[in-house]
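Residue numbers for the sequence shown follow the UniProt record's numbering, so the first one is 1 and each next one is one higher.
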Amino acid sequence: MDMKAALDPEDLLLSSWTINGNPCDGSFEGVACDEKGQVANISLQGKGLSGKVSPAIAGFKHLTGLYLHYNSLYGELPREIANLTELTDLYLNVNNLYGEIPPEIGNMASLQVLQLCYNRFTGTIPTQLGSLKKLSVLALQSNHLTGAIPARLGDLGMLMRLDLSFNHFFGSIPTKLANAPLLEVLDIRNNTLSGNVPPALKRLNEGFQFENNRALCGEGFVALKACDTSDALNPGRPEPFGPGVTGNPIREIPETANLQLRCNQTQCSKPSKSGQVSVVVGALVVAVALAAVGILTFTQYRRRKQKLGISFDIPDSRLSTDQAKGVDRRNGSPLISIEYSSGWDPLADGRSISGYGQEVFQSSRFNLDEVETATQYFSEMNLLGKSNYSATYRGILRDGSVVAIKSISKSSCKSEEAEFLKGLNILASLKHENLVRLRGFCCSRGRAECFLIYDFVPNGNLLRYLDVNDGDGHVLEWSARVSIVRGVAKGIAYLHGRKLNRSTLCHQNISAEKLLIDHRCNPLLSDSGLLNLLTNDIVFSEIKSSAAMGYLAPEYTTTGRSTEKSDIYAFGVLVFQVLSGKRKITSLVNLGAEACCFQDYIDPNLHGKFFEYETAKLARIAWLCTHECPIERPSMEAVVQELDLNMEVQLCFGERGKAFGSLKYMVVLNFFYGELHQICGGFGKHTSLVIRTELFPVLVGEALAALLAVDCMEQRGWSNIVLEGGSQEVIDCINYPSTFKHWRLERIINSITIALDKCQQLEKRS
Numbered sequence: 001m002d003m004k005a006a007l008d009p010e011d012l013l014l015s016s017w018t019i020n021g022n023p024c025d026g027s028f029e030g031v032a033c034d035e036k037g038q039v040a041n042i043s044l045q046g047k048g049l050s051g052k053v054s055p056a057i058a059g060f061k062h063l064t065g066l067y068l069h070y071n072s073l074y075g076e077l078p079r080e081i082a083n084l085t086e087l088t089d090l091y092l093n094v095n096n097l098y099g100e101i102p103p104e105i106g107n108m109a110s111l112q113v114l115q116l117c118y119n120r121f122t123g124t125i126p127t128q129l130g131s132l133k134k135l136s137v138l139a140l141q142s143n144h145l146t147g148a149i150p151a152r153l154g155d156l157g158m159l160m161r162l163d164l165s166f167n168h169f170f171g172s173i174p175t176k177l178a179n180a181p182l183l184e185v186l187d188i189r190n191n192t193l194s195g196n197v198p199p200a201l202k203r204l205n206e207g208f209q210f211e212n213n214r215a216l217c218g219e220g221f222v223a224l225k226a227c228d229t230s231d232a233l234n235p236g237r238p239e240p241f242g243p244g245v246t247g248n249p250i251r252e253i254p255e256t257a258n259l260q261l262r263c264n265q266t267q268c269s270k271p272s273k274s275g276q277v278s279v280v281v282g283a284l285v286v287a288v289a290l291a292a293v294g295i296l297t298f299t300q301y302r303r304r305k306q307k308l309g310i311s312f313d314i315p316d317s318r319l320s321t322d323q324a325k326g327v328d329r330r331n332g333s334p335l336i337s338i339e340y341s342s343g344w345d346p347l348a349d350g351r352s353i354s355g356y357g358q359e360v361f362q363s364s365r366f367n368l369d370e371v372e373t374a375t376q377y378f379s380e381m382n383l384l385g386k387s388n389y390s391a392t393y394r395g396i397l398r399d400g401s402v403v404a405i406k407s408i409s410k411s412s413c414k415s416e417e418a419e420f421l422k423g424l425n426i427l428a429s430l431k432h433e434n435l436v437r438l439r440g441f442c443c444s445r446g447r448a449e450c451f452l453i454y455d456f457v458p459n460g461n462l463l464r465y466l467d468v469n470d471g472d473g474h475v476l477e478w479s480a481r482v483s484i485v486r487g488v489a490k491g492i493a494y495l496h497g498r499k500l501n502r503s504t505l506c507h508q509n510i511s512a513e514k515l516l517i518d519h520r521c522n523p524l525l526s527d528s529g530l531l532n533l534l535t536n537d538i539v540f541s542e543i544k545s546s547a548a549m550g551y552l553a554p555e556y557t558t559t560g561r562s563t564e565k566s567d568i569y570a571f572g573v574l575v576f577q578v579l580s581g582k583r584k585i586t587s588l589v590n591l592g593a594e595a596c597c598f599q600d601y602i603d604p605n606l607h608g609k610f611f612e613y614e615t616a617k618l619a620r621i622a623w624l625c626t627h628e629c630p631i632e633r634p635s636m637e638a639v640v641q642e643l644d645l646n647m648e649v650q651l652c653f654g655e656r657g658k659a660f661g662s663l664k665y666m667v668v669l670n671f672f673y674g675e676l677h678q679i680c681g682g683f684g685k686h687t688s689l690v691i692r693t694e695l696f697p698v699l700v701g702e703a704l705a706a707l708l709a710v711d712c713m714e715q716r717g718w719s720n721i722v723l724e725g726g727s728q729e730v731i732d733c734i735n736y737p738s739t740f741k742h743w744r745l746e747r748i749i750n751s752i753t754i755a756l757d758k759c760q761q762l763e764k765r766s
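What follows is the structure, encoded as structure tokens:
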């Protein structure tokens, strides 16, 4: 409880963490445990926590993921955090943490992602971080860090992404770091670095960001001056405004980057001290004057900015309305237009997009003005939630429709333009009743931010209906659960289906959190295709979050790849969650489904108000979909066929119910046990009708006779009837005169289980 008291000192946000509670039974918000009952994951991002990170965190010895980003935590980071030797993901970004980065973090041998950006850390980068051999992402941007970049960071053999932008680093870029074998992104913008840029960084292309480091030089880099003799002789000299500078960081007034050196065409000279003072004072006076004018003319500017066509070079950093306000505007329809800088408009000359894709882009174009207005300039009041790569806002368009607007920063998106365009094209082309509809998109200058505009789904996600108490209004009725399973199955099958304009598509991140529920209990899968826009480290982080909640297929640990079979596994877990009403699925649930023990996996809040034959079918589907061997899992197309056939039979029974003559037959039919199982052949190939006989024989017989009378058997192409039950029950049904007047008995094998190979077969007389 020390951890809780430190994070939430007013006890307003973590009330579910109780002294006598069990953190592994699903009652502790944001806590997940491993199979041994040990806390393995704490996910409290965006909860509004305003406390500190307690040294008590060291007590969670088996923690692998700690996600505390997007909060208001303050104080120093305790050195005890280094005792979490099994931790792989540490997300503390976007808080108010200060002090120095503990060098002891270098002892966390399992660490793969270290996110400390957007805080107030000071001091230097501990050289000990060079010992983190598994580290792939190091994000330190937007702090108050200083000193030289440690050459030991080049020892990080797994490092893919390093962001040091918007700090006070000085000196040169270590050649050893430039040669890091897996490095894809190096962002050093808005520092005071100097000297020759290692040529090895050319291989990063757009992944190397170096703007506003005026003393850098090098050959073959766009917008970088060639090095002169003094640069070559002393590449590591600090900038005049080096580590001794105090006060506001340069990132807050990027214009001062132009004031650091007086340059002629061939030589940069160090300015005198008096010159520096006068220039800085003058710049401050000008800045104050401009700010006053800006306040007085803001309203007029907002009305005239499209006409004036003003654009500014705003550095890419955190979500900022200033970035959106400064983009180059183009007139267009209030609902279908798009914003791009002059250097990035995929429709300007038709490159990368043509034919169907161009039509999709045209129909999905939005106006950035409307996005700003819809969200009240991204007001905190409209903030729906944040993740480690995006922020989502509620908005109202001019036509009155409510939308959800997801903002994604450039640093989270793929840097390769062709890949990004391809991903956007896929998103825009997805149209299905069980996928959240993408209304459109727009991007600010240079793709600093991209905004995806979706339909707003009012009832939240499936998590809202799991682990609920009876009587609180959130218990789903049985019919709603069946509808949810069928809907999400169809949505996934649509993604997996090969279309004329695209190949098959894996969702990669199916979970209860991504499954939204509308006012009619219609399921809508969100974020379909979104991971195609994001960088590999973001995708990896999302997949690891899925693993912590049990959605990750077991083969991923060996292959490292997400496939259609991975989606199917996650779907199976989702079905078990719907059936049980629980977030955490235990092995008992899986075994219960295999043995058809309803009490082991059915939500007790239903109080028996469910149909056993539907329950058995859904449980078996979930059991097959979560098979350890991916080859044994059915395709989503087969799952949909199984579910649709079940629905068609119910419709046949219901719409032609007059043939039965009495409600008693409908009651019997509701107890038919999995009436569409196969005798042999692959999953989804149905040739048989399976009937439980542990009912009153007269009712079974009369109902079956009525079923034959309406030709349902012929319509479905069934060649067999399978009876399940005890010996006497089966015999009683067979002896009933009207039961099999059109059928003859060839062989009987009594069965009381779901195992299909033990079912008896009755073949139709030729």
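For every residue, glycine included, the Cβ atom is placed at its ideal position computed from N, Cα and C. Since we're looking at a predicted model, the values are computed, not measured.
Just the C-alpha distance for residue i and residue j, rounded to the nearest angstrom, thanks.
{"i": "residue 464", "j": "residue 394", "result": "19 Å"}
{"i": "residue 444", "j": "residue 634", "result": "43 Å"}
{"i": "residue 767", "j": "residue 137", "result": "The question about residue 767 has no answer, for the chain in this structure spans 1 to 766."}
{"i": "residue 392", "j": "residue 409", "result": "12 Å"}
{"i": "residue 30", "j": "residue 219", "result": "50 Å"}
{"i": "residue 131", "j": "residue 165", "result": "22 Å"}
{"i": "residue 643", "j": "residue 610", "result": "16 Å"}
{"i": "residue 401", "j": "residue 452", "result": "15 Å"}
{"i": "residue 80", "j": "residue 197", "result": "37 Å"}
{"i": "residue 375", "j": "residue 449", "result": "15 Å"}
{"i": "residue 413", "j": "residue 389", "result": "9 Å"}
{"i": "residue 434", "j": "residue 489", "result": "9 Å"}
{"i": "residue 26", "j": "residue 20", "result": "14 Å"}
{"i": "residue 603", "j": "residue 571", "result": "18 Å"}
{"i": "residue 425", "j": "residue 36", "result": "44 Å"}
{"i": "residue 125", "j": "residue 116", "result": "12 Å"}
{"i": "residue 470", "j": "residue 49", "result": "29 Å"}
{"i": "residue 466", "j": "residue 474", "result": "8 Å"}
{"i": "residue 65", "j": "residue 201", "result": "32 Å"}
{"i": "residue 511", "j": "residue 547", "result": "10 Å"}
{"i": "residue 107", "j": "residue 156", "result": "14 Å"}
{"i": "residue 614", "j": "residue 494", "result": "23 Å"}
{"i": "residue 541", "j": "residue 368", "result": "29 Å"}
Does residue i come out as helix, strand or coil in the three-state DSSP assignment?
{"i": "residue 556", "result": "helix"}
{"i": "residue 170", "result": "strand"}
{"i": "residue 31", "result": "strand"}
{"i": "residue 181", "result": "coil"}
{"i": "residue 131", "result": "helix"}
{"i": "residue 42", "result": "strand"}
{"i": "residue 141", "result": "coil"}
{"i": "residue 577", "result": "helix"}
{"i": "residue 508", "result": "coil"}
{"i": "residue 640", "result": "helix"}
May I ask you to list the residues that DSSP assigns as paired with residue i?
{"i": "residue 386", "result": "391"}
{"i": "residue 412", "result": "Per DSSP, none; premise fails for residue 412."}
{"i": "residue 455", "result": "403"}
{"i": "residue 194", "result": "215"}
Are there 16 or more other CB atoms within 10 angstroms of the CB of residue i, so buried, or fewer, so exposed?
{"i": "residue 439", "result": "buried"}
{"i": "residue 89", "result": "buried"}
{"i": "residue 7", "result": "buried"}
{"i": "residue 12", "result": "exposed"}
{"i": "residue 537", "result": "buried"}
{"i": "residue 481", "result": "buried"}
{"i": "residue 573", "result": "buried"}
{"i": "residue 3", "result": "buried"}
{"i": "residue 222", "result": "exposed"}
Below 8 Å on the Cβ atoms is my contact criterion, and I expect residue i with residue j to pass it. Report the Cβ-Cβ distance as a whole number of Å.
{"i": "residue 397", "j": "residue 457", "result": "Between residue 457 and residue 397 the Cβ distance is about 16 Å, and since that is not below 8 Å, they are no contact."}
{"i": "residue 39", "j": "residue 23", "result": "6 Å"}
{"i": "residue 63", "j": "residue 53", "result": "Actually they do not touch by this definition, with Cβ atoms about 13 Å apart."}
{"i": "residue 768", "j": "residue 145", "result": "Outside the displayed range of the chain (1 to 766) lies residue 768, so it cannot be described from this structure."}
What I want to know is whether the C-beta of residue i ends up closer than 7 Å to one or more non-hydrogen atoms of the ligand SAM.
{"i": "residue 478", "result": "No copy of the ligand SAM appears in this structure; indeed no ligand is present at all."}
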